[in-house]
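Structure first, then comments.
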Amino acid sequence: MRIAQIAPLCESCPPQFYGGTERVVSHLTEELVRQGHEVTLFASGDSRTSATLEAPCERALRLDSQCRDPLAHHMVLVNRVARKAHLFDVLHFHIDYLHFPLFASRSRKTLTTLHGRLDMPDLPPLMREFPMMPLVSISNTQRGPLAWANWHGTVYHGLPPDLFSLGRGEGGYLAFVGRISPEKGPERAIEIARRIGLPLIIAAKVDKVDQDYYHERVEPLLKDPLIEFIGEVDDTEKGALLADAAALMFPIDWPEPFGLVQIEAMACGTPVIAFRRGAVAEITEPGTTGFIVDTIDEAVAAIPAALKLDRQMIRRHFEERFLVERMARDYVELYQKLLHAGVNRRPRTAAEAEDD
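First residue of the sequence shown: 13, per the numbering used here; consecutive thereafter.
This is the structure we're talking about:
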């Protein structure tokens with residue numbers, strides 16, 4: 013099958029540091045190539061891939077000091093895909109809805125995975141304007157605010173089996189990995205670590221939009237000797253950090269669409285303490301891979317039990333549910349259904365979407 017994977021340009025594929033969507037696109041692309049498909053990856057020029065690389069820009073935009081308007085580069089990306097669309101059986105987009113106007117007339121060969129939150133009031137009018145665009149969610153919970161949209165399936169993320177290794181958790185610390193922002197809950201993680209008396213290592217990036225929050229709310233808490241902030245980490249550093257961690261703190265306060273770091277921790281056999289928000293209940297299995305809590309008190313109480321969980325069992329659970337081979341297989345099944353249905357089915361009209 014001739015497949016185009018269209019990634020955001022903010023990070024390379026795979027990302028040098030933080031970057032969930034680009035990381036997933038990279039894993040999917042490499043697995044599709046391994047399975048024998050003819051894949052072209054549209055991504056930044058510093059991406060590393062065994063597929064054919066089409067690069068609308070030289071380097072990841074977040075790390076490019078010359079970039080002032082990321083949207084301009086993404087417009088170039090969409091136009092490049094449109095010019096070569098006839099070369100592919102399937103165009104798989106991971107760039108939100110930027111391509112909708114240009115590809116609405118040929119929607120039956122497109123698939124769009126939405127990687128972000130969908131509870132914003134601006135989205136229903138958009139989805140009703142483009143009801144013909146086939147969509148994929150990354151969790152069942154994610155699609156709730158737009159349950160009536162043109163969903164073709166849910167595909168959970170997956171990781172290569174050898175990306176992270178089973179660890180023994182001998183570091184004796186808790187880990188917080190991801191991004192410093194109010195919705196990710198770093199203050200909660202620090203409070204939990206203080207109450208339980210365990211060190212906390214924070215490996216996270218700070219976006220420009222969150223710098224005030226970091227300096228005003230988080231940075232003062234880093235004076236506690238139990239808390240260590242190490243900034244962004246690459247996959248090798250992340251793997252070592254998670255493998256040696258006693259548990260991963262995932263104290264989110266927003267409707268998380270998936271939460272990739274949960275399965276990264278599971279790949280290391282590391283238990284997850286996650287707050288009951290978004291898709292957490294679809295990913296973390298209480299008593300097997302960690303615990304789901306509603307309050308800081310519950311999180312503190314859950315840690316001793318989490319430390320007793322069988323790390324080999326956590327790793328086996330990861331292998332059963334969250335390998336990249338399963339993710340690619342799920343997507344290929346959707347590609348095939350899309351192509352088969354596209355022969356005889358017309359796209360939905362806006363009026364039909366309004367009736368749903």
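Ideal placement from N, C-alpha and C gives every residue a C-beta, glycine not left out.
These figures come from a predicted structure and were not determined experimentally.
Counting the other Cβ atoms within 10 Å of the Cβ of residue 242 gives fewer than 16, which makes it exposed. Contact annotation: residue 195 and residue 131 have beta-carbon atoms that are not nearer than 8 Å. Distance check between residue 22 and each of 200, 35, 16 and 260 places 35 closest, using alpha-carbon atoms only. CA-to-CA, the gap between residue 37 and residue 113 works out to about 22 Å. Straight through space, the alpha carbons of residue 233 and residue 284 are spaced by roughly 23 Å. Residue 104 is positioned such that its CB atom lies no closer than 8 Å to that of residue 239. As the crow flies, the alpha-carbon of residue 41 is around 7 Å from that of residue 51. Between residue 261 and residue 201, the CB-CB gap stays under 8 Å. For residue 202, the secondary structure class from DSSP, reduced to helix, strand or coil, is helix. Taking a cut-off of 8 Å for Cβ pairs, the region 177-197 and the region 160-169 do not touch, as fewer than three such pairs fall below it. If you look at residue 274, you'll find it isn't in any beta strand (DSSP E); it sits in the alpha helix (DSSP H) that goes 272-279. Per DSSP, reduced to three states, the secondary structure at residue 47 is coil, with no helix or strand assignment. Pairing residue 289 with residue 267 gives a Cβ-Cβ distance under 8 Å. When C-alpha distances from residue 118 are compared across 93, 237, 58 and 337, the shortest belongs to 93.
Within the same chain, Cβ atoms closer than 8 Å to the Cβ of residue 335 are found at 170, 171, 172 and 173, the five residues on either side in sequence being excluded. Bounds of the alpha helix (DSSP H) holding residue 317 are 308-319. Residue 104 is bridged by DSSP to 17 and 123. Taken through DSSP and simplified to helix, strand or coil, residue 117 comes out as helix. By the Cβ rule, the region 52-59 counts as touching the region 70-81, because three or more pairs are nearer than 8 Å. Sixteen is the threshold: when 16 or more other Cβ atoms of the shown chains lie within 10 Å of the Cβ of residue 323, as they do, the residue is buried. Distance from the CA atom of residue 142 to the CA atom of residue 125, rounded to whole angstroms, is 15 Å.
Per DSSP, the unbroken alpha helix (DSSP H) holding residue 250 starts and ends at 247-256. Less than 8 Å separates the beta-carbon of residue 337 from that of residue 43.
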